[in-house]
Structure formats: C-alpha cells, structure tokens
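Data first, discussion second: the structure below is written as structure tokens.
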Amino acid sequence: MKLIIAAIKPYKLEEVREALTAVGVRGMMVSEIKGFGSQSGHTEIYRGAEYAVNFVPKMKLEIAVADAIADEVVETIAKTARTDKIGDGKIFVLDLQAVQRVRTGESGEDAL
Amino acid sequence: MMKLTKLTGLAAAMLAAAPAFAQDAEPVMDKGDVAWMLVSTVLVLFMIVPGLALFYGGLVRAKNMLSVLMQCTMIAAMVMVIWVVYGYSMAFGGGTGAYWGGLGKLFLAGVGPDSMSATFTDGVVIPEYVFIAFQMTFAAITPALIVGAFAERIKFSAVMLFSALWVTFVYFPVAHMVWDGAGLIFNMGALDFAGGTVVHINAGIAALVGAIFVGPRIGLGKDMMAPHSMTLTLVGAGILWVGWFGFNAGSNLEANGGAALAMMNTFTATAGAILAWALLEAVLRGKASMLGAASGMIAGLVAVTPAAGSVGPVGAIVLGALASSVCYFFVAVVKNKFGYDDSLDVFGIHGVGGIIGAIGTGIFTAPGLGGTGGEDYSIAGQTWIQIEAVAITVIWCAVVSAVLYFIVSKTVGLRVVADDERRGLDLTAHGESAYHS
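Here the protein sequences come in this chain order: A and B. Take the first sequence: its position 9, counted from the start at 1, is 9 in the working numbering, and no numbers get skipped. Take the second sequence: its position 378, counted from the start at 1, is 378 in the working numbering, and no numbers get skipped.
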C-alpha cells in the first residue's frame with residue numbers, strides 16, 4: 001500500500017477529487033495548508049505598512065491506496081492539477097505499513 | 001454646541017424669521033428639539049460601543065482584539081462616572097473663568113428635570129439633562145480614540161489611569177475653552193461646531209505623544225501586523241459614520257435647518273474623502289484598498305466635524321477630499337519616515353484631519369464658497385483665529401499629555417512585559433480569547 005501526499009492549488013481540489021473518484025479512490029484526507037516552493041508569495045499593504053506574505057495557501061491531500069493503482073492515482077493528480085504555471089504543487093509517495101478500519105477492525109487493503 | 005457670539009448668517013436669518021421672541025418672553029422648549037437631542041446622544045454612544053471598538057478591534061491582531069474592545073468600553077464607562085461627579089462642572093459649571101467652569105455643579109448640583117440650557121436660537125432651550133448627557137458622550141469617546149496609538153502593548157491599568165487624568169486636565173479644560181461662553185477660545189471667535197479641536201485634535205495630539213512615550217510594538221517592521229478583521233473594521237467605520245450624524249447634526253442642539261445642513265455636510269464631506277483616498281491609492285500604488293476607503297471615511301468625518309454647521313455641502317466635499325489626501329500622506333509616508341508607532345493612526349487621521357478641518361472651516365465658511373458666513377465674513381481673519389485655536393489646543397494637549405504619560409510611566413508603568421506582549425493582551429491582561437477555533 002502507498003500513502004500519497006499531494007500539495008495542490010486550492011481551486012483544483014474539486015476537479016482532482018472527481019478525477020480520483022473516477023479511478024477508484026474511495027477516500028482521502030484534505031487540509032488547508034500554507035507553504036513555499038518555487039512560487040514566491042506576494043505583498044500586502046495596510047495604510048503605509050508593507051508585509052511580504054511568503055507562504056502561499058495550498059490544499060494538502062493524503063490518500064491511502066493499494067499498490068496496484070498507486071501509479072495511476074499519482075498520474076491522475078498530476079494531470080488534473082497541472083496548469084503549467086509555477087505553484088502547481090508536488091506529490092510525494094510513501095510506503096504504507098498498516099491500515100485499519102475503525103468500525104469493523106478490517107485491516108490491510110480491505111480497509112482502504 | 002457653541003453658543004455663538006458672532007452669529008453665522010444662518011443663525012441670523014433664523015433670528016430674523018422669529019421676531020415673536022421678545023426680550024422678556026419665557027424661554028421655549030420644543031419637544032421636537034428634545035427628541036432629536038435624545039436620539040443624537042445615543043447615536044454618539046453607538047459610535048463608541050460598538051463603532052469605535054470594532055473599528056479599532058478589526059485593525060489589531062486577533063490576540064489583542066478583546067483588549068481594544070475592553071479599553072473602549074471601560075474608558076466610556078469611567079468617563080461617564082467622572083462626568084457627573086466633576087467633569088460637567090469643570091467644563092460647563094457656570095464659572096466665568098477662561099480655562100474651566102468651576103466646581104459649582106459638582107455631582108450635577110442644582111440640576112433637575114426643569115433646568116434648561118440655551119441653544120443657538122435666543123429664547124429656545126433644551127433640558128439641561130439632555131445637554132449634560134450629549135456632552136457626556138463626547139467626553140467619553142475622546143479618550144477612547146487615543147487608545148489606537150498605543151494598542152497591543154499598553155497596560156490596562158495605564159489606560160485607565162491615563163484616561164482619568166487626561167479628561168481631567170486636558171479634555172474638560174479644552175471643552176470649556178472652546179464651547180463655554182466664558183471660554184478663552186470661544187471668545188476669540190473660533191468656529192468649532194462639533195469638536196474638531198476638542199475631540200479630534202486633542203485625541204490626535206495625545207495619541208502622537210503617547211506613541212512616542214510608549215514606544216513601538218515588538219517586531220514592528222518585521223512581524224506581520226496586518227489587521228485581523230477588515231470586515232469588522234468596516235462594520236465599525238460604518239457605525240461611526242451613522243453615529244456621527246448624532247455627533248454633528250446633534251451639535252446644532254435644535255432639530256431645524258442648521259441640523260439638516262450639518263447632516264448634509266456629514267454626508268458630502270465623507271463621500272468626498274472616501275473617493276479621494278481611493279483615488280490616491282489607485283493612482284499611487286495601482287490598487288484602491290478597503291482599508292483605504294474606511295480610512296478616508298474617518299478622515300472626512302473628522303475634517304467636517306468643526307465645519308458641519310457653517311460650510312456648504314459642496315465646500316464640504318472639497319474639505320473632505322483635501323483632508324483625506326493630507327491624512328493619506330501622513331499615514332503612508334510621514335509615519336514611516338519618523339518611525340513612531342501610532343499603531344492605528346490616531347494622529348495621522350484624527351490629529352491631521354482635525355487640523356485640516358479646523359483651518360478649512362475658516363476658509364469654507366465664506367459665503368463665496370457656499371458657506372453660511374455673513375456679508376462681512378473675512379476668510380483671512382477667521383482662518384487666523386482658527387489657526388490660533390488649533391495652536392492653543394495642540395500646545396495645551398501636548399504639554400499636559402506628556403506630563404500625564406510621565407506620571408503614569410512612573411506609577412503603574414505604561415507597557416506590559418515583552419512576553420505578555422508576544423502572547424497578546426487578551427490572554428495576559430483579561431484572561432480570555434476573542435476567537436476559538
């Protein structure tokens with residue numbers, strides 16, 4: 001099993017969710033995050049005071065999937081979230097040791 | 001609010017139209033006037049809580065939200081008590097001194113429901129209790145304006161002690177000097193319809209002195225100190241604008257054409273000021289900001305305060321736009337150059353806007369510019385009187401405020417410790433948080 005962590009542009013979230021559902025993903029965790037990468041922040045001015053905002057808002061997706069579809073999920077996220085502009089985000093893939101469904105106690109791929 | 005010695009053209013016209021009042025006639029109380037003044041009084045209260053409290057509260061960081069709301073609320077409550085104990089007497093106690101009204105009305109001695117106060121029209125009176133209550137709200141809002149200068153780092157005890165001392169030694173004397181028939185500035189013939197000198201210049205100067213005494217916030221220029229809720233700031237600014245109709249049109253003391261003129265001016269000057277600030281920002285930095293529009297709104301309201309009863313509605317637009325532009329320059333350029341941390345721009349908007357308004361009143365009251373000045377009105381003469389009135393207020397306020405800040409710094413101390421400042425005043429001074437996620 002793999003744990004896929006992706007940081008994407010916030011407005012791409014719904015599109016990515018739809019595309020992932022279509023390839024068989026049955027659940028994900030989503031959080032609003034801030035971070036920086038190649039994309040620089042912006043400045044805000046309040047009366048005379050100027051502030052550099054270095055961290056850019058992103059959406060973080062955490063998706064646990066079976067090995068069999070891991071590559072396809074990564075590919076789907078990359079394809080859907082891509083705008084070809086700086087700041088499209090990153091995808092990380094980690095090995096996932098164990099999963100358990102809280103309600104039933106099922107474990108492994110059955111719990112995904 | 002002023003008992004004018006030099007009648008404006010409008011007041012003179014009103015007098016001429018009412019020859020029925022013979023010299024020895026019984027003074028008349030009009031229930032319409034009384035109703036309007038009762039409403040005006042609560043409109044000014046609405047400016048303090050929640051208007052000013054929210055305007056300021058939105059401008060600070062979330063960790064200091066409650067401290068600002070609390071300071072505005074507590075100052076207002078304390079000054080109301082002081083006002084009936086000795087404040088009203090010091091300002092309007094009936095004494096004939098040039099600097100204070102004496103102790104004749106301590107604890108409102110001798111005032112009852114049948115006591116009456118004069119208005120602008122000979123022979124027309126309003127209950128003294130209405131005048132006392134209306135004036136009380138002015139005394140209550142003025143020290144609350146100052147807290148914006150040292151917000152986010154001041155000790156709560158310092159705010160309370162300073163405000164009590166400041167109304168006693170600055171506000172009451174200046175209110176007497178400007179508005180009482182025996183007052184020094186009043187008798188110079190200065191025009192201050194609703195408190196440009198007494199409220200705004202006074203608060204603005206005390207704010208500048210305070211910002212210098214208290215020192216900048218930790219992390220100024222490095223940490224993000226952006227307003228935590230521009231939404232609440234606009235809500236507060238909007239409430240201030242509405243409440244300001246009580247402040248300005250109420251200062252006419254009667255519900256008549258003079259009050260209507262003050263209301264018109266309170267619309268047009270503010271509109272001109274909002275447009276000017278937004279236009280300046282759009283031209284100079286490419287984007288017009290919401291905070292800029294809200295700032296322009298307050299700058300226009302401040303500027304029209306002394307002028308509301310005597311300039312014309314079109315002159316008021318120019319006055320508002322002018323004041324707004326100068327305030328923009330002070331807030332965006334001058335403050336950064338000098339490095340004082342007038343955190344919420346009390347000096348930049350109330351002090352500077354008040355000074356432009358007070359001097360501009362001398363210019364725009366001229367009949368040729370749409371004002372209500374009489375045939376023999378002299379722009380140069382009146383403007384010079386206005387400048388003198390501003391100078392007296394600035395010097396009195398700056399010197400006495402500095403002494404008071406010094407006293408507070410040597411007794412309870414001005415600033416919280418650095419760690420408390422970093423954690424925020426809500427938790428460290430009041431033991432509560434504005435927001436829970």
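Virtual Cβ for every residue (Gly too), placed ideally from N, Cα, C.
In this chain, the beta strand (DSSP E) harbouring Ala-118 of chain B covers 116-118. Counting only runs of 3+ residues, the beta strand (DSSP E) found wholly inside the segment 115-194 of chain B occupies 116-118 and 124-127, in chain order. Secondary-structure assignment with DSSP links Ala-64 of chain A through a beta bridge to A:Leu-3. Contact holds between the segment 202-210 of chain B and the segment 343-353 of chain B, because three or more Cβ pairs, one in each stretch, are under 8 Å apart. Counting along the chain, Asp-419 of chain B sits inside the alpha helix (DSSP H) bounded by residues 418-423.
Just measuring C-alpha positions, the residue of B:Ala-389, B:Gly-381 and B:Val-311 sitting nearest Thr-372 of chain B is B:Val-311.
Taking 8 Å as the CB threshold, Val-147 of chain B stays off the interface with chain A. Chain order gives the chain A residues near Ala-226 of chain B as Glu-44, Tyr-46 and Tyr-51, where near means a beta carbon separation below 7 Å. Shown here, Ala-49 of chain A sits in a strand according to DSSP, grouped into three states. In the assembly as shown, Glu-50 of chain A is an exposed residue. Its beta-carbon has fewer than 16 other beta-carbons within 10 Å.
The beta carbon of Gly-370 of chain B sits closer than 6 Å to the beta carbons of Gly-312, Val-314 and Gly-315 from its chain, once the five residues preceding and following it are set aside; these are given in chain order.
With the rule of 3 Cβ pairs closer than 8 Å, the segment 3-16 of chain A counts as touching the segment 79-96 of chain A. Scanning B:Ala-402, B:Ala-175, B:Phe-156 and B:Met-78 for the CA closest to the CA of Asp-420 of chain B turns up B:Phe-156.
At least one C-beta of chain A is nearer than 8 Å to the C-beta of Asn-336 of chain B. If you check the CB distance, Leu-52 of chain B and Gly-236 of chain B come in under 8 Å.
Taking each of B:Ser-433, B:Gly-431 and B:Gly-424 in turn and checking the Cα distance to Ile-154 of chain B, the smallest one comes out for B:Gly-424. Around Leu-232 of chain B, the same chain offers Leu-54, Gly-57 and Gly-58 as residues with beta carbons nearer than 7 Å, after the five sequence neighbours per side are excluded. Listed as beta-bridge partners of Asp-95 of chain A by DSSP are A:Lys-2. Collapsing the DSSP output to three states places Arg-17 of chain A in a helix. Straight through space, the alpha carbons of Arg-422 of chain B and Met-225 of chain B are spaced by roughly 12 Å. Taken atom to atom, the span from the alpha-carbon of Asn-64 of chain B to that of Phe-150 of chain B is near 12 Å.
When C-beta atoms of the segment 56-70 of chain A are compared with those of the segment 33-40 of chain A, three or more pairs fall below 8 Å, so the two segments count as touching. When DSSP states are grouped into helix, strand and coil, His-350 of chain B belongs to the helix group. Within chain A, no C-beta atom comes nearer than 9 Å to that of Leu-69 of chain B; the closest sits roughly 20 Å away. The beta carbon of Leu-208 of chain B does not come within 8 Å of any beta carbon belonging to chain A, so the residue lies off that interface. Assigned with DSSP and collapsed to three states, His-42 of chain A falls in strand. For Ala-332 of chain B, the chain A residues whose Cβ falls inside 8 Å of its Cβ are Arg-47 and Gly-48, in order along the chain. For Arg-217 of chain B, the closest Cβ of chain A is not nearer than 8 Å.
For the segment 324-377 of chain B, there is no continuous beta strand (DSSP E) assignment of 3+ residues that stays within its boundaries.
Put simply, the CB of Ser-437 of chain B is far from chain A, with every gap to its CB atoms at 8 Å or more. Within 9 Å of the CB of Ser-295 of chain B, the CB atoms of chain A belong to Arg-47, in sequence order along the chain. Three or more Cβ pairs closer than 8 Å define a contact, and the segment 290-301 of chain B falls short of that threshold against the segment 93-106 of chain B.
Residue state for Pro-57 of chain A is assigned as strand, using DSSP reduced to three classes.
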